[in-house]
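What follows is a short report on a single structure.
Here's what the structure looks like:
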């Protein structure tokens, strides 16, 4: 087992709600560190953003996901008590989740044909961060 | 630490929306590889399916989960732009999640008394896959 | 790589729906076991509870999350078939998730400034459990 320092990536978002494809950046870290096999845990250290795997072929799927989330969790509700006007972003973060764990095999992220890793901004625009932790099994023979 | 090749399982779904208990298959891989202690990450490489832990005692809990998800995320919404008619499946996949990480202890998946691992089909019927990655701590003494 | 036995924590909840900050307990386990670097997987072995990262600064964010979940998934729906009256708790558990994977770096949980780990009771009050699995990279030099 080889160990790797925690890496941190910066994501600049442009609008209040936005999905940003970060797959290539994560793959680049895997490749630069010559990781053959293991896991990568990608963590969002924010409570008004999330991370998810989603289709990367048709951008309309992102549109539809964002619209459905807005319809289920609007920015204003009579019962919200948090006074920053971003309670919806906190809820969306809890629903979508704050981290993904992806398998690494033969030096590549194991993703489906249409899957990409999306940082989900729910209260932007902001400068955000992603922590990337690689668990590296080494390059020995696998059972 | 022992390393194991990535395993892939096939799941055949029969209807558009269906929960399939895959616990026994994952346990079988753990047992066949004589894994005593570690983690298993089970990944769905699809963007219109998911995976979750849920109760296995009363099938009505599956019925109620499926119905509630359909009520929150119907197949048709006036604002959907993706033209394959499965935007709801993409959203449900993001909400339920595309992977689970389960602890292995004394050769067994660590699950609650009523917990099982369910593959969640949201746009079937289809032939689907599950990737299973074992992180094996070996069988040495634990601190 | 050092290996650690699976730890189990008890959480006593006081009301039907409640978020309990368990961050300090998990950090205590990390510190007591002198873990410098790795992952911790925190698992809820229950199907009517969940675990999530959420803001710990303003308790109103917890209020708003709980209220929004109750509004999306009320305790009573005409179509629920499970006869224990807690179908909503099963659904909330699936939406929020049953485990979190957190990075450990320099002996500390890697969390954002406002992030804490919350056990989410959806069908209390009950005595609940949390399984805590540490994946310890050891204290060698990191690449």
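Protein chains in written order, with my numbering: chain H, 798 to 940; chain U, 798 to 940; chain C, 798 to 940. Virtual Cβ for every residue (Gly too), placed ideally from N, Cα, C. The model shown is predicted, which means the values in this text are computed figures rather than measured ones.
Please report how far the alpha carbon of residue i lies from the alpha carbon of residue j, in whole angstroms.
{"i": "residue 935 (chain C)", "j": "residue 859 (chain H)", "result": "40 Å"}
{"i": "residue 874 (chain U)", "j": "residue 872 (chain C)", "result": "25 Å"}
{"i": "residue 913 (chain C)", "j": "residue 818 (chain C)", "result": "7 Å"}
{"i": "residue 839 (chain H)", "j": "residue 927 (chain H)", "result": "7 Å"}
{"i": "residue 827 (chain C)", "j": "residue 799 (chain C)", "result": "13 Å"}
{"i": "residue 925 (chain H)", "j": "residue 833 (chain H)", "result": "28 Å"}
{"i": "residue 849 (chain C)", "j": "residue 882 (chain C)", "result": "24 Å"}
{"i": "residue 854 (chain U)", "j": "residue 816 (chain U)", "result": "14 Å"}
{"i": "residue 878 (chain H)", "j": "residue 863 (chain C)", "result": "11 Å"}
{"i": "residue 805 (chain H)", "j": "residue 856 (chain U)", "result": "43 Å"}
{"i": "residue 868 (chain H)", "j": "residue 921 (chain C)", "result": "29 Å"}
{"i": "residue 866 (chain H)", "j": "residue 810 (chain H)", "result": "18 Å"}
{"i": "residue 852 (chain U)", "j": "residue 910 (chain H)", "result": "31 Å"}
{"i": "residue 899 (chain U)", "j": "residue 933 (chain U)", "result": "12 Å"}
{"i": "residue 894 (chain H)", "j": "residue 895 (chain C)", "result": "11 Å"}
{"i": "residue 892 (chain U)", "j": "residue 814 (chain C)", "result": "20 Å"}
{"i": "residue 820 (chain H)", "j": "residue 824 (chain U)", "result": "31 Å"}
Under 8 Å, Cβ to Cβ, is there at least one residue of chain U near residue i?
{"i": "residue 918 (chain H)", "result": "no"}
{"i": "residue 932 (chain C)", "result": "yes"}
{"i": "residue 817 (chain C)", "result": "no"}
{"i": "residue 881 (chain H)", "result": "no"}
{"i": "residue 898 (chain C)", "result": "yes"}
{"i": "residue 877 (chain C)", "result": "yes"}
{"i": "residue 806 (chain C)", "result": "no"}
{"i": "residue 838 (chain C)", "result": "yes"}
I want to see whether chain C comes within less than 8 Å of residue i, judged by CB atoms only; does it?
{"i": "residue 833 (chain H)", "result": "no"}
{"i": "residue 800 (chain H)", "result": "yes"}
{"i": "residue 894 (chain H)", "result": "yes"}
{"i": "residue 928 (chain H)", "result": "yes"}
{"i": "residue 868 (chain H)", "result": "no"}
{"i": "residue 874 (chain U)", "result": "no"}
{"i": "residue 803 (chain H)", "result": "yes"}
{"i": "residue 888 (chain H)", "result": "yes"}
{"i": "residue 857 (chain U)", "result": "yes"}
{"i": "residue 909 (chain U)", "result": "yes"}
Closest to residue i by C-alpha separation, out of the options, would be which residue?
{"i": "residue 897 (chain H)", "options": "H:924, H:847, H:801", "result": "H:847"}
{"i": "residue 961 (chain U)", "options": "U:816, U:808, U:835, U:864", "result": "Nothing about residue 961 (chain U) can be read from this structure; chain U reaches only from 798 to 940."}
{"i": "residue 830 (chain C)", "options": "C:905, C:895, C:845", "result": "C:905"}
{"i": "residue 908 (chain H)", "options": "H:837, H:895, H:918, H:917", "result": "H:837"}
{"i": "residue 886 (chain U)", "options": "U:918, U:861, U:876, U:900", "result": "U:918"}
{"i": "residue 901 (chain U)", "options": "U:835, U:813, U:824, U:916", "result": "U:835"}
I'd like to know whether the C-beta of residue i is nearer than 8 Å to at least one C-beta of chain H.
{"i": "residue 842 (chain U)", "result": "yes"}
{"i": "residue 924 (chain C)", "result": "no"}
{"i": "residue 891 (chain U)", "result": "yes"}
{"i": "residue 904 (chain C)", "result": "no"}
{"i": "residue 936 (chain U)", "result": "no"}
{"i": "residue 852 (chain C)", "result": "yes"}
Per DSSP, what kind of secondary structure is residue i in: helix, strand or coil?
{"i": "residue 870 (chain U)", "result": "coil"}
{"i": "residue 926 (chain U)", "result": "strand"}
{"i": "residue 822 (chain U)", "result": "helix"}
{"i": "residue 936 (chain C)", "result": "coil"}
{"i": "residue 804 (chain C)", "result": "strand"}
{"i": "residue 858 (chain H)", "result": "helix"}
{"i": "residue 908 (chain H)", "result": "coil"}
{"i": "residue 902 (chain H)", "result": "strand"}
{"i": "residue 896 (chain C)", "result": "strand"}
{"i": "residue 914 (chain H)", "result": "strand"}
{"i": "residue 888 (chain U)", "result": "helix"}
Taking its Cβ as the centre, do 16 or more other Cβ atoms sit within 10 Å of residue i, making it buried, or is it exposed?
{"i": "residue 884 (chain U)", "result": "buried"}
{"i": "residue 802 (chain H)", "result": "exposed"}
{"i": "residue 903 (chain C)", "result": "exposed"}
{"i": "residue 822 (chain C)", "result": "buried"}
{"i": "residue 880 (chain C)", "result": "exposed"}
{"i": "residue 889 (chain H)", "result": "buried"}
{"i": "residue 844 (chain C)", "result": "buried"}
{"i": "residue 930 (chain U)", "result": "buried"}
{"i": "residue 876 (chain H)", "result": "exposed"}
Using a Cβ-based criterion (distance less than 7 Å to any ligand heavy atom), does residue i qualify as near the ligand NAD?
{"i": "residue 829 (chain U)", "result": "The ligand content of the structure shown is nil, which means the ligand NAD is not present either."}
For chain B, find out if any of its Cβ atoms is closer than 8 Å to the Cβ of residue i; answer yes or no.
{"i": "residue 828 (chain C)", "result": "Looking for chain B here will not work: the only protein chains present are H, U and C."}
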